[in-house]
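In the numbering used here, the protein residues as written are 46 to 631. Glycine residues also receive a C-beta, built at the ideal position from the N, C-alpha and C atoms. Down below is the structure, laid out as structure tokens.
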């Protein structure tokens, strides 16, 4: 139960609903227990009529009718109060589910890039859906029926003891056996439930990857192979589910058998006590049988409740694993920061934790506000790592980055990121309209601003040829558009944000040179008052920059202006001549 202690803060938050539910449960149980008493009185009245023929049958009939009406009235009241109990406690569980999902989602948002490299999307989705759903069953039905069971037990046993302490003792004899059985089965359920949830995560991760990469699978005609893989995984998951179900299925029959034994105990010992005169009325036996049957569902539900609790603990343990993770990137400066845009790297080195690959080695450069820096280099030379460090998706391993002369750790993290318009190497678009994808950079943008940004990104002419134009709904990850169109929509999203820092991470790789030239010319005016960093493989994207640096295996091997680097006759000059000749050939 220690994992479920994490949820106590929610019970405190909704304490009034919780207390009202408990009070309603107590009152409902009191009203429900009028029935056995009234039936016992009815039996006693009938017995007195049989034993004493002088008793007026009309009076007996009147008493029976009176008792029947009371039974109906108290049953209706108990039913209504039970309805209120469910409304109070089950609705409370829905609120807790809502809060817990939001808490998990916020944690997902705060966690760093390393976390997402080490965990699969399907597993993350399973924890926020399946696992939170299991937890809700604990804070809702499990808690409600637990309260209901203990209150009913307490009240019923008091009533039974008041009628016949000895018969009560006989009736409760099977309960220690029940408690031991629950303990043994619960521990086994907990173990098997944890394994089953892990397999659910595996299936979620597997199917999510298949759906995301369905085009590649179809292109390589691997549908049957992946279908077979899924079947094998599903068979394993089914086996784990059946193992769990076999244990859970023992509870119902076991509980009902024990209740049946209790009924037999009441009939036998109650009958013997009536014969020897310890019990004065057959009505007492009938009353006890009703009490035992009133305990049937609570006792039988103990197994179900125990199963819910064990499953919830296994799920909450998986949730807690993520909730307890401290994000690598912390906002160390909560005060508001004003970002102008000067960026300086001082002896910066960076190594990825997961692969231990050193991406950057002793990097030094400065790009001032209103300047454009271009970074070129081979694949894997560390270009994108510089962009990740500027936006603090990672922190440096050595050295420091200054923003407007302040260490980047002393700049408000959210103000820093709000001051950056970034176009990543892998253009990601949401399953929404083109207009909303562009407005993602500025939700309050007017339609005229959206169109203007699209024109600057040279994608407006493509958009207007769609049937719904800017209202066109894109498929998952923007699958409706071509690679070049996705990149240009991403550029428009960064343009409309109009942030003081603009980072373009090889975002023109999928467009032709003519379109690239158009976009770069459009950006010249737009970037006049901004700090711009362009990462590219093409000299054409870098030649107009104020500064150019060349990276190779994480180190700067050349830096200067376009003309300076051409005259050095190094890597940049060779790349320029190569790309120039390729352009002439095309």
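Rounded to the nearest whole angstrom, the C-alpha separation of residue 608 and residue 554 is 23 Å.
Residue 248 has its alpha-carbon roughly 25 Å from the corresponding atom of residue 143. Between residue 460 and the set 117, 586, 277 and 382, the nearest pair of CA atoms involves 382.
Listed in chain order, the alpha helix (DSSP H) runs fully inside the region 401-460 are 428-435, counting runs of at least 4 residues.
Measuring C-alpha to C-alpha distances from residue 391 to each of 379, 397, 401 and 406 identifies 406 as the nearest. Scanning its chain for C-beta atoms nearer than 6 Å, with the 5 sequence neighbours on each side dropped, one finds around residue 507 the residues 530, in chain order. In this structure residue 358 is buried. Its beta-carbon is surrounded by 16 or more other beta-carbon atoms within 10 angstroms. For residue 391, DSSP records a beta bridge to 445. Residue 604 sits in a strand when the DSSP states are folded into three classes.
Approximately 10 Å separates the beta-carbon atoms of residue 498 and residue 533; this is outside 8 Å, ruling out the contact. In the structure shown, residue 580 adopts extended strand secondary structure according to DSSP, grouped into three states. Residue state for residue 466 is assigned as strand, using DSSP reduced to three classes. DSSP, read as helix, strand or coil, puts residue 543 in coil. Counting only the Cα atoms, residue 586 lies some 59 Å from residue 355.
Close CB contacts of residue 550 within its chain, under the 6 Å cut and outside five residues either way in sequence, are with 429, 432, 469, 470 and 580 (chain order).
As DSSP reads the structure, residue 595 sits in a beta bridge with 421 and 603. With contacts defined as CB atoms closer than 9 Å, residue 330 and residue 304 fail to qualify as a contacting pair. Excluding residues up to 5 positions away in sequence, 356, 357 and 360 lie with their Cβ nearer than 7 Å to the Cβ of residue 179 in the same chain.
For residue 374, the closest alpha carbon among the candidates 77, 454, 321 and 301 is that of 454.
For the pair residue 127 and residue 199, the CB atoms are not nearer than the 9 Å cut-off. Note that the C-beta distance between residue 478 and residue 424 is not below 9 Å. For residue 548, the three-state secondary structure derived from DSSP is strand. Counting along the chain, residue 497 sits inside the alpha helix (DSSP H) bounded by residues 492-501. As DSSP reads the structure, residue 518 sits in a beta bridge with 478. Residue pairing by DSSP places residue 396 opposite 403 in a beta bridge.
Look at residue 165 here: in three-state DSSP terms it is coil, with no helix or strand label.
Taking the CA atoms as reference points, residue 337 sits about 27 Å from residue 105. Secondary structure note for residue 335: its alpha helix (DSSP H) is the uninterrupted segment 327-339. Look at residue 75 here: in three-state DSSP terms it is helix. According to the DSSP assignment, residue 291 belongs to the alpha helix (DSSP H) that extends over 268-293.
Taking the C-beta atoms as reference points, residue 443 is found no nearer than 9 Å to residue 493. In the structure shown, the three-state DSSP call for residue 209 is coil.
In the structure shown, the three-state DSSP call for residue 323 is coil. With respect to residue 367, residue 169 sits close: the two C-beta atoms are nearer than 9 Å. CA-CA distance, residue 165 to residue 246, rounds to 9 Å.
Scanning 400, 335, 295 and 325 for the CA closest to the CA of residue 352 turns up 295.
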